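Under the numbering used here, think of the first position of the sequence shown as 2, with each following residue one higher. In this text, a Cβ means the ideal position worked out from N, Cα and C, and glycines have one as well. For clarity, every value in this text was computed on a predicted model and none was experimentally measured. Have a look at the structure below before the remarks.
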Amino acid sequence: MKKNAVSSGHRALTLRILRSSPTEGVAPHWQDFHLEEAEGMTLFIALNEVRETLDPALQFDFVCRAGICGSCGMLINGKPGLACRSLTRDLDPLITLAPLPVFELIGDLSVNTGKWMRGTAERLETWVHSSQEADLTALEAPMEPELAEAIYELDRCIECGCCVAGCGTLRMREEFVGAIGLNKIARFRLDPRDERSDDDFYQLIGDDTGVFGCMSLLACQDVCPKGLPLQTQIAFLRRKMVASGL
Ligand code: SF4
Ligand code: F3S
Ligand code: FES
Numbered sequence: 002m003k004k005n006a007v008s009s010g011h012r013a014l015t016l017r018i019l020r021s022s023p024t025e026g027v028a029p030h031w032q033d034f035h036l037e038e039a040e041g042m043t044l045f046i047a048l049n050e051v052r053e054t055l056d057p058a059l060q061f062d063f064v065c066r067a068g069i070c071g072s073c074g075m076l077i078n079g080k081p082g083l084a085c086r087s088l089t090r091d092l093d094p095l096i097t098l099a100p101l102p103v104f105e106l107i108g109d110l111s112v113n114t115g116k117w118m119r120g121t122a123e124r125l126e127t128w129v130h131s132s133q134e135a136d137l138t139a140l141e142a143p144m145e146p147e148l149a150e151a152i153y154e155l156d157r158c159i160e161c162g163c164c165v166a167g168c169g170t171l172r173m174r175e176e177f178v179g180a181i182g183l184n185k186i187a188r189f190r191l192d193p194r195d196e197r198s199d200d201d202f203y204q205l206i207g208d209d210t211g212v213f214g215c216m217s218l219l220a221c222q223d224v225c226p227k228g229l230p231l232q233t234q235i236a237f238l239r240r241k242m243v244a245s246g247l
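This is the structure we're talking about:
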């Protein structure tokens, strides 16, 4: 029988949640919630049960429940992950949940990843730069399937923020664009519709707020729920820049 089992055969779970509300002046503190595990329970289901039956004021974010929207990132037992893709049965019965660091805290488990993502997108200009922007047929011209596949692979990022929260460099240097920023540069650099030169890209990331700030800590790739090859992309950009002599 599993640890902490109750008579129904389901485990008794404790969600230990870091509560806070910056707007209402509530300082961070841990609060325990007890519930019974259900078949196939995810942290999304568990948190909804807490909100429906124990504390309607608990704040957390979800949209898709399917690992697509990137809203439900949080620290699960200290490690960034998606609550909607985390099964309670894979975790010990005492589960600690805390908001992702680095991002602006809204309250409890809710953080403003959008603000950070927008700032990084504007800084790195993560959109196709084309003189033919008004000509949609030019932008939709077919491309080689292998190239489209390579771009698609890097486009799978759901902007959940897990790699940002897991990166030690970002805790020390807030201007660092992180693995997600470098991945986006790698993605637009590949795109034949983007008319920026390699030099243009390297100007954006060629210092220690970019590719030379990464200390190869690797947590980004370990925690990415989409399995993006973040470290490979960073190493590739760094090699290219060194070879270009910039
Ligand atoms: Fe999330 Fe991965 Fe995108 Fe980082 S690169 S924001 S971990 S999906
Ligand atoms: Fe951070 Fe990933 Fe580099 S964790 S230091 S961006 S390898
Ligand atoms: Fe959309 Fe979890 S709710 S990724």
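Query	Result
Name the two residues that bound the continuous alpha helix (DSSP H) containing aspartate 33.	Unbroken run through aspartate 33 is the beta strand (DSSP E), 27-37; no alpha helix (DSSP H).
Just to confirm my understanding: we take alanine 151, look at its own chain, exclude 5 residues before and 5 after, and list those with CB closer than 7 Å. What are they?	Leu191
Quick test of the definition: if touching needs 3 or more C-beta pairs under 8 Å, does the region 152-161 touch the region 85-98?	no
Tell me the rounded alpha-carbon separation between histidine 130 and glycine 246.	24 Å
Which residue from Leu76, Ile77 and Asp62 puts its Cα closest to that of cysteine 70?	Asp62
If I'm right that glycine 214 touches arginine 174 with Cβ under 8 Å, what's the distance once you round it to whole angstroms?	6 Å
Distance check for leucine 229 and arginine 188, CA to CA, integer angstroms please.	12 Å
Between the region 112-127 and the region 23-43, can you find at least three pairs of beta-carbon atoms closer than 8 Å?	no
Just to confirm, is the Cβ distance from glutamate 80 to glycine 169 under 9 Å?	Here residue 80 is lysine; the residue named in the question, glutamate, does not match the sequence. In this structure, glycine 169 does not lie closer than 9 Å to lysine 80 by Cβ.
Distance check for threonine 54 and asparagine 127, CA to CA, integer angstroms please.	Note that residue 127 corresponds to threonine in the displayed sequence, not to asparagine. So the two alpha carbons sit approximately 43 Å from each other.
Assign glycine 169 to one of three DSSP states: helix, strand, or coil.	helix
Would DSSP call alanine 99 helix, strand or coil?	strand
Name, in chain order, the residues that DSSP records as bridge partners for valine 112.	Leu106
Going by the CB atoms, is the gap between glutamate 196 and serine 111 shorter than 9 Å?	no
With respect to 8 Å, is the separation between the Cβ of alanine 187 and the closest non-hydrogen atom of ligand 2 below this value?	no
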